[in-house]
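Quick note on numbering: the sequence shown equals residues 49 to 320 in this note's numbering. Using N, Cα and C, we set each Cβ at its ideal position, and we do this for glycine too. Quick caveat: nothing in here was measured; it's all calculated off a predicted structure.
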Amino acid sequence: MIEMKSSEEIERMAVTGQFVGELLAELRDNAEVGVNLMDLEHHARRRIKERGAESCYWDYAPSFGRGPFRNVLCLSVNDAVLHGLPRDYVLRDGDLVSVDMAVAIDGWVADSAVSVVVGTPDPADLKLIEATEVALEAGIAAACPGGKLGDISAAIGEVAHRYGYGVNVEFGGHGLGRTMHEAPHVPNNGRPRRGMKLEPGLTIAIEPWFCASTDKIKFDEDGWTIRSADGSRTAHSEHTVAITAAGPRVLTRRPAGADRPTIRDEKSAVTP
Numbered sequence: 049m050i051e052m053k054s055s056e057e058i059e060r061m062a063v064t065g066q067f068v069g070e071l072l073a074e075l076r077d078n079a080e081v082g083v084n085l086m087d088l089e090h091h092a093r094r095r096i097k098e099r100g101a102e103s104c105y106w107d108y109a110p111s112f113g114r115g116p117f118r119n120v121l122c123l124s125v126n127d128a129v130l131h132g133l134p135r136d137y138v139l140r141d142g143d144l145v146s147v148d149m150a151v152a153i154d155g156w157v158a159d160s161a162v163s164v165v166v167g168t169p170d171p172a173d174l175k176l177i178e179a180t181e182v183a184l185e186a187g188i189a190a191a192c193p194g195g196k197l198g199d200i201s202a203a204i205g206e207v208a209h210r211y212g213y214g215v216n217v218e219f220g221g222h223g224l225g226r227t228m229h230e231a232p233h234v235p236n237n238g239r240p241r242r243g244m245k246l247e248p249g250l251t252i253a254i255e256p257w258f259c260a261s262t263d264k265i266k267f268d269e270d271g272w273t274i275r276s277a278d279g280s281r282t283a284h285s286e287h288t289v290a291i292t293a294a295g296p297r298v299l300t301r302r303p304a305g306a307d308r309p310t311i312r313d314e315k316s317a318v319t320p
């Protein structure tokens, strides 16, 4: 069942979204060469506790995974793209790390993710991250009242293909609100003007993720960490979005000026 949210409920989700955006900005800034992934995890645990928030990841036990998830972040490095377990790993020059988190404040959830290269960036990695960010913005722009869910999926897929990447539809965006995962599923590829009608009150997480040279994935033995099947680099971007009568409203925007710009050589740039 899809639960539509009132304007007041969306405002309450926006409070959570503001905190998630602020914390992700901190974590992105803290992801530097020589930093241990567990330092990022413990920073997030401390900030979540101080805010009186509750992690949606802690004790999460879906059909995949081995045992409940016992962390507040998903930290996915290089060829890992989703659900990476925080571990004793020190970030190296050129690593590409994706940080994903979802928390609840006063019973209302927000979910967001960002990818960043630490140290010296490879232009190919910056292009990959850029593709997820451009696809995310395209998906958000398509999340208009009166449209169809397929409009969002098609917008994401079109960007992926324009950048030269395949799309895996096993994992994608989702509804959220009182819980982290609600209906509907929001695939990262699809056909426009298909699927459910987008109406004010729908709240969804839009989350494009791409692998550099495959659309196939594999799981680590831990049952959680998802990697590109061919070992190529990956990236992931995500925002929580509310559909309103005035159009899409992003609830997890990071503070102005908080994002590191994605800068690539102009000769290699793909025109959005």
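Taking C-beta to C-beta, are residue i and residue j nearer than 8 Å?
i: residue 240; j: residue 179; result: no
i: residue 134; j: residue 89; result: yes
i: residue 218; j: residue 224; result: no
i: residue 69; j: residue 160; result: yes
i: residue 144; j: residue 275; result: no
i: residue 122; j: residue 105; result: yes
i: residue 63; j: residue 188; result: no
i: residue 29; j: residue 194; result: Residue numbering for the chain in the displayed model covers 49 to 320; residue 29 lies beyond these limits and cannot be assessed.
i: residue 127; j: residue 168; result: no
i: residue 157; j: residue 52; result: no
i: residue 252; j: residue 215; result: no
i: residue 221; j: residue 254; result: yes
i: residue 198; j: residue 155; result: no
i: residue 148; j: residue 84; result: no
i: residue 232; j: residue 50; result: yes
Ends of the alpha helix (DSSP H) at residue i?
i: residue 63; result: 55 to 78
i: residue 262; result: No alpha helix (DSSP H) holds residue 262; DSSP gives it neither H nor E.
i: residue 202; result: 197 to 211
i: residue 87; result: 85 to 99
i: residue 173; result: 171 to 189
With distances taken Cα to Cα, identify the nearest neighbour of residue i among the options.
i: residue 152; options: 259, 221 and 57; result: 57
i: residue 139; options: 78, 198, 99 and 193; result: 78
i: residue 192; options: 249, 214 and 206; result: 249
i: residue 146; options: 273, 208, 154 and 278; result: 273
i: residue 271; options: 75, 119 and 112; result: 112
i: residue 87; options: 119, 238 and 197; result: 119
i: residue 234; options: 212, 209, 190 and 211; result: 190
i: residue 96; options: 75, 129, 49 and 277; result: 75
Which residues share a DSSP beta bridge with residue i?
i: residue 274; result: 130 and 267
i: residue 123; result: 147
i: residue 108; result: 117
i: residue 227; result: Paired residues: none, contrary to the question.
i: residue 245; result: 196
i: residue 102; result: 152
i: residue 165; result: 144
i: residue 158; result: 151
Between residue i and chain C, is any beta-carbon pair separated by less than 8 Å?
i: residue 193; result: Protein chains in the displayed structure number just one, and chain C is not present.
What residue range does the beta strand (DSSP E) around residue i cover?
i: residue 296; result: 295 to 298
i: residue 291; result: 287 to 292
i: residue 254; result: 251 to 254
i: residue 283; result: 282 to 284
Q) Quick check: the stretch 174 to 190 against the stretch 279 to 294, are there 3 or more CB pairs under 8 Å? A) yes
For the stretch 254 to 268 against the stretch 85 to 103, do three or more pairs of beta-carbon atoms, one drawn from each stretch, fall closer than 8 Å, so that the two count as touching? no
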